[in-house]
Amino acid sequence: MKRKTTRNRRHDRQSVLEVRVMSPRIAWFGFLSFAGKLAKLACVIAALGGIGWGIWQGVRKAFYQNPDFRLQVIDLNTNPVIDESGVAAATGIDLNACPSLFDIDVENVRQKLQSLPAITEAKVERHLPGTLAVRIIPRVPKAWISCPDAGFSDVRRTGAMLVDHLGIPYPCPETQSASAASLPIIVLPASAGHPIIVGKKIRHPELAHCFLLLDSARAADPEAVQWIESIRQVNEWSLELLTRQGTSAIFSLGDHARQMESLRAALDHSGEKGYVISTINLIPKYNIPITLSHEASPPKAIPVSATADAAGDDETRRARDLSNLLNRN
379 MKRKTTRNRR HDRQSVLEVR VMSPRIAWFG FLSFAGKLAK LACVIAALGG IGWGIWQGVR
439 KAFYQNPDFR LQVIDLNTNP VIDESGVAAA TGIDLNACPS LFDIDVENVR QKLQSLPAIT
499 EAKVERHLPG TLAVRIIPRV PKAWISCPDA GFSDVRRTGA MLVDHLGIPY PCPETQSASA
559 ASLPIIVLPA SAGHPIIVGK KIRHPELAHC FLLLDSARAA DPEAVQWIES IRQVNEWSLE
619 LLTRQGTSAI FSLGDHARQM ESLRAALDHS GEKGYVISTI NLIPKYNIPI TLSHEASPPK
679 AIPVSATADA AGDDETRRAR DLSNLLNRN
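Its first residue numbered 379, the sequence shown is counted upward by one per residue in our numbering.
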């Protein structure tokens, strides 16, 4: 049987002493080595910078300084609010300097155009060799805004206040004044809680009521804007629509379809008979109060329920005929 023995093994540890010798000569050679590496790096950077500068100069000569890429045309879509010279003026483009197309910041031009109150959206692109393509979506006016107490008294002229279907007011551009000349006027009172601010939606509740009546008029007659002069809210429960002939029609805040039908029937009938209605209150469904107008005499109130005793009077007869017509409707 093999005999087992136990041995103590010791591992010798060796201590290593590292000695670095430094002398001025060795330090000098180290500095020269570092400086050489630094010089090589500087040469590489200089070479890359020179190449980049050369490429930039080539790009400038090929594009920025190339006369073929000078701005030659502002291609603007047809619109009623701004023309090519207006685009240049609004965005700071000097047409006399004939700038390079690449010197024009198209995003900056787009933002400046879109900030104009009469424009809802703008898109600007470079089209080589020399065209700046501009596409805008103008605001479509719905009516004029008149608010004398707030300083908006002028209407139907350049610079007067228009409002679109979203209720956003903006000054009428010169190029849009002719096409907007036939639009009706919405008269609003001044309100500290609902000020009229260019480019900001009008929150005045009376504007919403007037819009509803104007929409009903257009639904009943697509040419309503041609015969409506103005709309305003008279009090908490009624609106006044004034026609171009001078007829003042009173509406409630609702039930506009029925009232507009009665107004159209009354205007058509009076037009056929050759007389003018001065006032008509359309809120009642029956026995509607009407005032007739004549050039030779001031307006005279005629009750709709005129009796046969006054049948010989022309105004009474006309009022009676109109009453019968409206009562049938």
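Virtual Cβ for every residue (Gly too), placed ideally from N, Cα, C.
Which first and last residues belong to the alpha helix (DSSP H) in which residue i is found?
i	result
residue 651	634-651
residue 504	From DSSP, residue 504 is part of no alpha helix (DSSP H) but of the beta strand (DSSP E) over 497-505.
residue 615	Per DSSP, residue 615 belongs to no alpha helix (DSSP H) and is neither H nor E.
residue 488	484-492
residue 602	602-605
residue 593	583-598
residue 469	462-469
Run the CB neighbour count on residue i, radius 10 Å, all protein chains shown included, and call it buried at 16 or more, exposed below.
i	result
residue 476	exposed
residue 423	exposed
residue 413	exposed
residue 575	exposed
residue 496	buried
residue 522	buried
residue 425	exposed
residue 463	exposed
residue 362	Residue numbering for the chain in the displayed model covers 379 to 707; residue 362 lies beyond these limits and cannot be assessed.
residue 565	buried
residue 588	buried
residue 634	buried
residue 320	Residue 320 falls outside the range modelled here, since the chain spans only 379 to 707, and no answer is possible.
residue 644	buried
residue 419	exposed
residue 558	buried
residue 582	buried
residue 451	exposed
residue 455	exposed
Report the option in the options whose CA atom is closest to the CA atom of residue i.
i	options	result
residue 567	579, 586, 599, 526	526
residue 549	535, 543, 561	535
residue 483	467, 493, 502	502
residue 545	637, 570, 457, 586	586
residue 499	508, 505, 512, 506	512
residue 590	629, 559, 560	629
residue 510	592, 420, 540, 469	469
residue 449	489, 466, 612, 654	466
residue 507	531, 485, 478	478
residue 453	474, 504, 606, 532	504
residue 598	636, 456, 428	636
residue 560	457, 577, 601, 653	601
residue 530	445, 490, 573, 542	573
residue 584	571, 616, 611, 578	611
residue 460	604, 491, 428, 616	491
residue 528	606, 486, 571	571
residue 578	614, 541, 606, 607	541
residue 481	488, 447, 489	447
Whole-angstrom Cβ separation of residue i and residue j, contact assumed at under 8 Å?
i	j	result
residue 708	residue 563	Nothing about residue 708 can be read from this structure; the chain reaches only from 379 to 707.
residue 658	residue 641	7 Å
residue 609	residue 592	6 Å
residue 594	residue 539	Contact flag wrong, Cβ pair sits at about 23 Å.
residue 655	residue 668	6 Å
residue 624	residue 569	Their Cβ separation, rounded to whole angstroms, is 28 Å, which puts residue 624 and residue 569 out of contact at 8 Å.
Could you check where the beta strand (DSSP E) with residue i kicks off and where it finishes?
i	result
residue 516	509-516
residue 629	626-630
residue 660	Segment: none, residue 660 is in no beta strand (DSSP E) and carries neither H nor E.
residue 520	519-524
residue 547	547-549
residue 670	668-671
residue 452	451-454
residue 542	539-542
residue 565	563-565
Practice item. Take every Cβ of the stretch 517-526, pair it with every Cβ of the stretch 550-569, and state whether three or more of those distances are shorter than 8 Å. Key: yes
Using 8 Å as the cut-off, can you tell me whether the stretch 646-653 makes contact with the stretch 612-620, which would need three or more C-beta pairs spanning the two stretches below that distance?
no
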